[in-house]
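Undergrad: Take the sequence shown: its position 207, counting from 1, is numbered 403 in the numbering used here, and each next residue is one higher. All residues carry an ideal CB built from backbone N, CA and C; glycine is no exception.
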Amino acid sequence: MSGSKINVAKQAINFLENKLSEKMIIGIGTGTTVNFFIEELKTYKHRFDGVVSSSDRSSAILKDAGIKVYELNGVNDIAFYIDGADEVSEDYSLIKGGGGAHTREKIVASASNHFICIVDKSKLVKNLGAFALPIEVIPESRSLVSRKILSLGGIPTYRQGFVTDQGNQIIDVTNLDLQNPLEVEYQINGIAGVVDNGIFAINKPKTVLVSD
Ligand code: 5RP
197 MSGSKINVAK QAINFLENKL SEKMIIGIGT GTTVNFFIEE LKTYKHRFDG VVSSSDRSSA
257 ILKDAGIKVY ELNGVNDIAF YIDGADEVSE DYSLIKGGGG AHTREKIVAS ASNHFICIVD
317 KSKLVKNLGA FALPIEVIPE SRSLVSRKIL SLGGIPTYRQ GFVTDQGNQI IDVTNLDLQN
377 PLEVEYQING IAGVVDNGIF AINKPKTVLV SD
């Protein structure tokens, strides 16, 4: 499995190599696949300006690698955003948030000009939904959101002991009908107390790189 993740991280570097430029800012996702990408990116750190990171975990790894990390509020333009996913459907809709970082990941993805998703082929699915959908919630609203999810037919499980970078909690939801992911992304985000959910149908990747 890690061989596949290293392989797709190398594919992403090959894709980017001749597009890097001195003033370029790159968005960086979160997760084990992205960690391999950061390892590859290290060698090229003098060929771009810096990055915007989607999590405290990735920021720490990037800083250790000697890569400059900017706050999103401090940059105008993010050329590329590179991130993994938990599921990728045939139309490039995603489920993300297995690592609980999907809220900031979605923000950085939407701020970038070109979202490149990097996955091994085990993440490819016909339709989304086998992977439990992560929903970040304001702690006080966890029970309320869980009841609303039950009324939509979903089965919510509280991710015990996990706190997001924003100080919130995660509910992982199974049994939802995700045949129309765009609609469900909007519907869940319309529930009071939801910060964001892990469906990426509004912000789909432009490029999906896959390894065996
Ligand atoms: C984190 C994510 C990750 O991209 C997703 O969980 C995939 O992780 P990995 O590369 O470790 O398989 O969405 O919130």
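What is the DSSP secondary structure of Ala256, counted as helix, strand or coil?
TA: For this step, residue 256 is matched to residue 60 along the sequence shown. In the structure shown, Ala256 sits in a helix (DSSP, three-state: H, G or I).
Undergrad: Identify the continuous alpha helix (DSSP H) that holds His298 and give its terminal residues.
TA: One-based indexing of the sequence shown puts residue 298 at position 102. Where His298 is concerned, the enclosing alpha helix (DSSP H) stretches over His298 to Ala307.
Undergrad: When you compare the segment 273-290 with the segment 220-234, are there three or more beta-carbon pairs, one atom per stretch, that lie closer than 8 Å?
TA: Segments in contact, yes.
Undergrad: Please return the same chain residues whose Cβ sits closer than 7 Å to the Cβ of Asn364, not counting the five positions on each side in sequence.
TA: Residue numbering aside, residue 364 sits at position 168 when the sequence shown is read from its first letter. So the qualifying residues of the chain are Glu332, Val333, Ile334, Pro335 and Val391.
Undergrad: With C-beta atoms as the reference, is Thr403 less than 9 Å away from Phe211?
TA: Taking the sequence shown and counting its residues from 1, the one referred to as residue 403 is at position 207. Taking the sequence shown and counting its residues from 1, the one referred to as residue 211 is at position 15. Yes, the pair counts as a contact, with Cβ atoms nearer than the cut-off.
Undergrad: How long is the line joining the alpha carbons of Gly250 and Asp287, rounded to whole angstroms?
TA: On the sequence shown, residue 250 is found 54 positions in, with the first residue counted as 1. On the sequence shown, residue 287 is found 91 positions in, with the first residue counted as 1. The amino acid occupying residue 250 in the given sequence is Ser; Gly does not appear at that position. Near 24 Å, if we compare the C-alpha coordinates of Asp287 and Ser250.
Undergrad: Can you give the beta carbon distance from Leu216 to Tyr240, rounded, assuming they're within the 8 Å contact cut?
TA: The residue given as residue 216 occupies position 20 in the sequence shown. The residue given as residue 240 occupies position 44 in the sequence shown. With 8 Å as the limit, Leu216 and Tyr240 qualify as a contact, their Cβ atoms being about 6 Å apart.
Undergrad: For Asp279, count neighbouring C-beta atoms within 10 Å of its own C-beta (all shown protein chains included) and say buried if the count is 16 or more, exposed if not.
TA: Reading the sequence shown from its first residue, position 83 is the one you call residue 279. The residue in question, Asp279, is buried, as its Cβ has 16 or more Cβ neighbours within 10 Å.
Undergrad: Closer than 8 Å: is that where the CB of Asp279 sits relative to any heavy atom of the ligand 5RP?
TA: Residue numbering aside, residue 279 sits at position 83 when the sequence shown is read from its first letter. Yes, the ligand 5RP has a heavy atom inside 8 Å of this Cβ.
Undergrad: Just to confirm, does Gly325 get its C-beta within under 8 Å of one of the non-hydrogen atoms of the ligand 5RP?
TA: Residue 325 sits at position 129 when you count from the first residue of the sequence shown. No; taking the cut-off as 8 Å, the Cβ of Gly325 has no heavy atom of the ligand 5RP nearer than that.
Undergrad: Does the beta carbon of Gly294 fall short of 8 Å from some heavy atom of the ligand 5RP?
TA: In the sequence shown, counting from the first residue as 1, residue 294 sits at position 98. Answer for Gly294: yes, Cβ within range of the ligand 5RP.
Undergrad: Roughly how far, in whole angstroms, is the beta-carbon of Lys201 from the beta-carbon of Glu236, given that I think they are within contact range, below 8 Å?
TA: Residue 201 sits at position 5 when you count from the first residue of the sequence shown. Residue 236 sits at position 40 when you count from the first residue of the sequence shown. Actually they do not touch by this definition, with Cβ atoms about 11 Å apart.
Undergrad: Please determine whether the Cβ atom of Ala297 lies at a distance below 8 Å from any heavy atom of the ligand 5RP.
TA: What you label residue 297 is simply residue 101 of the sequence shown in a count that begins at 1. Correct: Ala297 has its Cβ closer than 8 Å to the ligand 5RP.
Undergrad: Is Asp201 close to the ligand 5RP? I mean its beta-carbon at under 8 Å from any heavy atom of the ligand.
TA: By 1-based counting over the sequence shown, the position of residue 201 is 5. Going by the sequence as given, residue 201 is Lys instead of Asp. Because some heavy atom of the ligand 5RP lies under 8 Å away, the Cβ of Lys201 counts as near it: yes.
Undergrad: Can we count Glu381 as close to the ligand 5RP, meaning its CB is less than 8 Å from some heavy atom?
TA: Start at 1 with the first residue of the sequence shown, and residue 381 comes out as number 185. Because no heavy atom of the ligand 5RP lies under 8 Å away, the Cβ of Glu381 does not count as near it: no.
Undergrad: Sort out for me which residues DSSP pairs Gly223 with in a bridge.
TA: Counting from 1 along the sequence shown, the entry for residue 223 is found at position 27. In the DSSP output, where bridge partners are listed per residue, Gly223 has Val248 and Tyr277.
Undergrad: Once DSSP output is grouped into helix, strand and coil, what is the label at Ser200?
TA: Position 4 of the sequence shown, counting from 1, holds the residue named residue 200. Ser200: helix per DSSP, three-state reduction.
Undergrad: Mark Asn214 as exposed unless 16 or more other C-beta atoms lie within 10 angstroms of its C-beta, in which case mark it buried.
TA: Locating residue 214 in the sequence shown gives position 18, counting from the first residue. With fewer than 16 Cβ atoms within 10 Å of its Cβ, Asn214 is classed as exposed.
Undergrad: Taking a contact to mean a Cβ-Cβ separation below 9 Å, would you say Ile291 touches Gly227 in this structure?
TA: Residue mapping note: residue 291 aligns to position 95 of the sequence shown, counting from 1. Residue mapping note: residue 227 aligns to position 31 of the sequence shown, counting from 1. For Ile291 and Gly227, no; Cβs fall outside 9 Å.
Undergrad: Write down every uninterrupted run of the beta strand (DSSP E) in the segment 343-374 whose length is 3 residues or greater and which is fully enclosed by it, in chain order.
TA: Correct list: 351-354 and 365-370.
Undergrad: How about Asp408 and Asp282: do their beta carbons lie closer than 9 Å?
TA: What you label residue 408 is simply residue 212 of the sequence shown in a count that begins at 1. What you label residue 282 is simply residue 86 of the sequence shown in a count that begins at 1. Not a contact, by the Cβ cut-off of 9 Å.
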